[in-house]
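Data block below; observations after.
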Amino acid sequence: MSADPSVVVAERYARGATVAAVVIAAFWHLGYDLAATATNWGVYSRQWAAVVGWVLYLVVGGVAATVLLRGGSRRVAWLAGVGTLGVDVLLLVAAPGAVVLPANWAWGSVGWVAVIAFWRHRAAHLVAFLVADTAILVVGMVVLDVGSSEQVSRAIMVLLGAFTLQLGYSLGAHGLHAAAQWAARSSAARTAATAHRAAAEAVAADRAVRYQELHRVTATLLAELVAGADPSDPTVRRRAAAGAARLRRLMAETDDVPDSLLHELRAGADVAERRGVQVSLSVVGAVPDLPVDIRRALTEAPVVGLSAARSTARVTVVASRTDVTVAVVADAPDVHPAAPTGVTLTQDHDGTELWLQTRWSTA
Amino acid sequence: MTDPIEAPMTDQPVTVAIIEDHPVVVDGVTTWITTDPGKRAAVVASGDSIDEVLAGPGGDADVLLLDLQLGDTVVVDRVAQLCTEGRRVVVYSAMDDPGTILTVLEAGASAFLSKHEAGSHCVDTIVAVATDRPYVTPSVAGALLTEAPHLSVQERTALLLWFQSMSKASVARRMGLSEATVRQYIDRARVKYAKIGRPAPTKTALLARAIEDGLIRADEIGEYRSHAAGDQ
Numbered sequence: 001m002s003a004d005p006s007v008v009v010a011e012r013y014a015r016g017a018t019v020a021a022v023v024i025a026a027f028w029h030l031g032y033d034l035a036a037t038a039t040n041w042g043v044y045s046r047q048w049a050a051v052v053g054w055v056l057y058l059v060v061g062g063v064a065a066t067v068l069l070r071g072g073s074r075r076v077a078w079l080a081g082v083g084t085l086g087v088d089v090l091l092l093v094a095a096p097g098a099v100v101l102p103a104n105w106a107w108g109s110v111g112w113v114a115v116i117a118f119w120r121h122r123a124a125h126l127v128a129f130l131v132a133d134t135a136i137l138v139v140g141m142v143v144l145d146v147g148s149s150e151q152v153s154r155a156i157m158v159l160l161g162a163f164t165l166q167l168g169y170s171l172g173a174h175g176l177h178a179a180a181q182w183a184a185r186s187s188a189a190r191t192a193a194t195a196h197r198a199a200a201e202a203v204a205a206d207r208a209v210r211y212q213e214l215h216r217v218t219a220t221l222l223a224e225l226v227a228g229a230d231p232s233d234p235t236v237r238r239r240a241a242a243g244a245a246r247l248r249r250l251m252a253e254t255d256d257v258p259d260s261l262l263h264e265l266r267a268g269a270d271v272a273e274r275r276g277v278q279v280s281l282s283v284v285g286a287v288p289d290l291p292v293d294i295r296r297a298l299t300e301a302p303v304v305g306l307s308a309a310r311s312t313a314r315v316t317v318v319a320s321r322t323d324v325t326v327a328v329v330a331d332a333p334d335v336h337p338a339a340p341t342g343v344t345l346t347q348d349h350d351g352t353e354l355w356l357q358t359r360w361s362t363a
Numbered sequence: 001m002t003d004p005i006e007a008p009m010t011d012q013p014v015t016v017a018i019i020e021d022h023p024v025v026v027d028g029v030t031t032w033i034t035t036d037p038g039k040r041a042a043v044v045a046s047g048d049s050i051d052e053v054l055a056g057p058g059g060d061a062d063v064l065l066l067d068l069q070l071g072d073t074v075v076v077d078r079v080a081q082l083c084t085e086g087r088r089v090v091v092y093s094a095m096d097d098p099g100t101i102l103t104v105l106e107a108g109a110s111a112f113l114s115k116h117e118a119g120s121h122c123v124d125t126i127v128a129v130a131t132d133r134p135y136v137t138p139s140v141a142g143a144l145l146t147e148a149p150h151l152s153v154q155e156r157t158a159l160l161l162w163f164q165s166m167s168k169a170s171v172a173r174r175m176g177l178s179e180a181t182v183r184q185y186i187d188r189a190r191v192k193y194a195k196i197g198r199p200a201p202t203k204t205a206l207l208a209r210a211i212e213d214g215l216i217r218a219d220e221i222g223e224y225r226s227h228a229a230g231d232q
């Protein structure tokens, strides 16, 4: 099973062309060969050979069709080819006097079984078979001394007519298959490119919205400062620290680093450290790859907690494949981060110490 | 439960040998020990080579404080040998990843002190270890969270909160328990880990003491029951 649409489409084309080849051979044998045998029944000097030849064609054709449609071994191809050439010999035996007359329908018909048998081989195999078919006809004509110019031209007509159709169909169908594969591949590539662009646009739009929001918050704060807000007011300082941490994280999100979650937490810790807060960050376990929205939900509240820290903060991450817990313990006033989605937020304040934990779990 | 941070039964201070290649660290640790209000421990030897320290008065010390990095050599593989000889080893290192911590505990080290947390835990750890009692630093709690088997929900929660906050009072308040009970949960998690891996006299002593103190029942110890019983 393959989910790749290019493979699915190409397989459907290949299947259609093989079914068509089998249908052509079956109609040819049941329509033309059977009718020729019946109307020339009196011409055959050995009627059993004509019947065996017709049945042998049917059996070999049936086997080759089954192998092709059901996906059997490619090695039976030449076995089927030799069996089909046996039909040539049997029809020669059946009517030695009618080598190139309609009673001997084998010369042109056997090629259709060969088209099926050699479908999954290179074209050279089919050509070799048709050469062998021609060789048997030529040997038969020489041995039976059938050599008038009318008979030679009739033989050429029969062979050329049949070979053109058979080679033309086989090569055409294979060419179509290649073209279908190519078209399906390019369409799949286009779909993938469109999906990537849509994803990139969505991420960019999301970031733009958050940037706008940050911009608004920062601008308000700056305007208040200009208007005379006191920078030594703890509330003003905390808001400034939180804004700086968020900006820093917005930048850290696009850095392509292993352990993005830790990278983003470190960015938050850096901002706190620059304010003179002593931050320790301890991590146990390997953090799994998380989608950006879960990462943001896990880090948002801890970053708010970090920003509120007065002098010390401890950031811890305990991670396993199915569970990630981020916690901040700091000497900080109580904070009110937004309720995150996709993770659980727990927090506690005992008067001096803030404890805040976000947890993502698959359980 | 007996408080593991009390001084040992004798009035003699616990003797400590420090194996550490940076003289300034030796001085720092010595200061923590000598300024301990209870004078519960005393440094009897120090040096930058395991063999040299053990050849002198350090050979009879109650507790070895061992830095894992001596010069360019990492001495993790010496821990098992020291513990097999029955020495109580407190590993003291900046290499505090869970892998290293669990490796030295598995080898029989009595406790692990990360350099960033050593100041507030150093003497307490030494005193607890001298009486074969568990002492779980926050870094060890973090490491046990990744590995320790058969922990109860309460034991796991206590370890996690201890790792996060580094304050047992804070853990106790959050769990609605007494500090003594919190310490019991944390110590039980540590004792359960002592059952893991190759036996060492230090691990056997830790388990035996845990049974004596009522921290864990003999039938909870499983394969170590006979060793523990033999020590009593």
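Sequence lines, in order, name chains A and B.
The first sequence begins at 1 in UniProt numbering and counts up one residue at a time.
The second sequence begins at 1 in UniProt numbering and counts up one residue at a time.
By construction, the Cβ of each residue, glycine as well, lies at the ideal position given by its N, Cα and C atoms.
This structure is a prediction, so every number in the text was calculated from the model and none was measured.
Is residue i helix, strand or coil when you go by DSSP?
i: residue 316/A; result: strand
i: residue 196/B; result: coil
i: residue 202/A; result: helix
i: residue 20/B; result: coil
i: residue 348/A; result: strand
i: residue 163/A; result: helix
i: residue 118/A; result: coil
i: residue 25/B; result: helix
i: residue 114/B; result: strand
i: residue 357/A; result: strand
i: residue 44/A; result: coil
i: residue 123/A; result: helix
i: residue 173/B; result: helix
i: residue 325/A; result: strand
In chain order, what residues of the same chain lie with their CB nearer than 7 Å to the CB of residue i, ignoring the 5 residues before and after it?
i: residue 138/B; result: 117, 162, 163, 166
i: residue 13/A; result: 176, 177, 180
i: residue 240/A; result: 221
i: residue 172/B; result: 178, 179, 182
i: residue 309/A; result: 272, 277, 330, 331, 332
Between the Cα of residue i and those of the options, spot the shortest distance and give me the residue it belongs to.
i: residue 127/A; options: 164/A, 27/A, 36/A, 303/A; result: 164/A
i: residue 157/A; options: 278/A, 100/A, 203/A, 307/A; result: 100/A
i: residue 210/A; options: 246/A, 27/A, 223/A; result: 246/A
i: residue 122/B; options: 39/B, 53/B, 207/B, 52/B; result: 39/B
i: residue 113/B; options: 68/B, 195/B, 145/B; result: 68/B
i: residue 186/B; options: 144/B, 97/B, 61/B; result: 144/B
i: residue 82/B; options: 61/B, 98/B, 36/B; result: 61/B
i: residue 45/A; options: 60/A, 94/A, 29/A, 70/A; result: 94/A
i: residue 42/B; options: 14/B, 53/B, 202/B; result: 14/B
i: residue 175/B; options: 336/A, 107/A, 347/A; result: 347/A
i: residue 115/B; options: 152/B, 78/B, 28/B; result: 28/B
i: residue 37/A; options: 52/A, 324/A, 25/A; result: 52/A
i: residue 26/B; options: 95/B, 64/B, 220/B, 80/B; result: 64/B
i: residue 345/A; options: 358/A, 293/A, 351/A; result: 358/A
i: residue 160/A; options: 133/A, 148/A, 143/A, 311/A; result: 133/A
i: residue 90/B; options: 188/B, 160/B, 202/B; result: 202/B
i: residue 279/A; options: 190/A, 350/A, 268/A; result: 268/A
i: residue 238/A; options: 226/A, 81/A, 217/A; result: 217/A
i: residue 144/A; options: 116/A, 89/A, 35/A, 190/A; result: 89/A
i: residue 152/B; options: 124/B, 170/B, 184/B, 169/B; result: 184/B
Residues of chain B with CB under 9 Å from residue i, in chain order?
i: residue 355/A; result: 161, 164, 165, 170, 174
Output, in chain order, the set of chain C residues within a Cβ distance shorter than 7 Å of residue i.
i: residue 202/B; result: Going by chain labels, chain C is absent from the structure shown, which instead holds the protein chains A and B.
Might you give, ordered along the chain, the residues of its own chain that have their beta carbon closer than 6 Å to the beta carbon of residue i, omitting 5 neighbours on each side?
i: residue 329/A; result: 314, 355
i: residue 288/A; result: 321
i: residue 244/A; result: 271
i: residue 142/B; result: 163
i: residue 2/A; result: Residue placement at residue 2/A is poorly supported in this model, since its pLDDT is 44, which falls under 50; the coordinates are not used for a value here.
Excluding the 5 residues flanking residue i on each side, which residues of the same chain have their C-beta closer than 8 Å to its C-beta?
i: residue 140/B; result: 101, 105, 111, 112, 190
i: residue 217/B; result: 211
i: residue 352/A; result: 331
i: residue 224/A; result: 236
Could you tell me if the beta carbon of residue i falls within a distance shorter than 7 Å of some heavy atom in the ligand MG?
i: residue 213/B; result: Annotation note on the ligand MG: not contained in the displayed structure, which lists no ligands.
Residues of chain B with a CB under 8 Å from the CB of residue i: which are they?
i: residue 350/A; result: 170, 173
Can you name the residues of chain A whose CB is closer than 8 Å to the CB of residue i?
i: residue 116/B; result: 280
Taking residue i as the query, report the chain A residues whose CB atoms sit under 7 Å from its CB, ordered along the chain.
i: residue 98/B; result: 284
Identify each residue in the segment 312-346 of chain A for which the Cβ-Cβ distance to at least one residue of chain B is less than 8 Å, and report them in chain order. Those would be 314, 316, 318, 320, 325, 327, 329, in chain order.
When you check each C-beta in the segment 279-295 of chain A against every C-beta of chain B, which residues fall closer than 7 Å? Along the segment 279-295 of chain A, the positions whose C-beta sits under 7 Å from a C-beta of chain B are 280, 282, 284, 285, read in chain order.
Along the segment 129-150 of chain B, where does the CB come closer than 8 Å to a CB of chain A? Name the residues. Answer set for the segment 129-150 of chain B: 138, 139, 142, 143, 145, 146.
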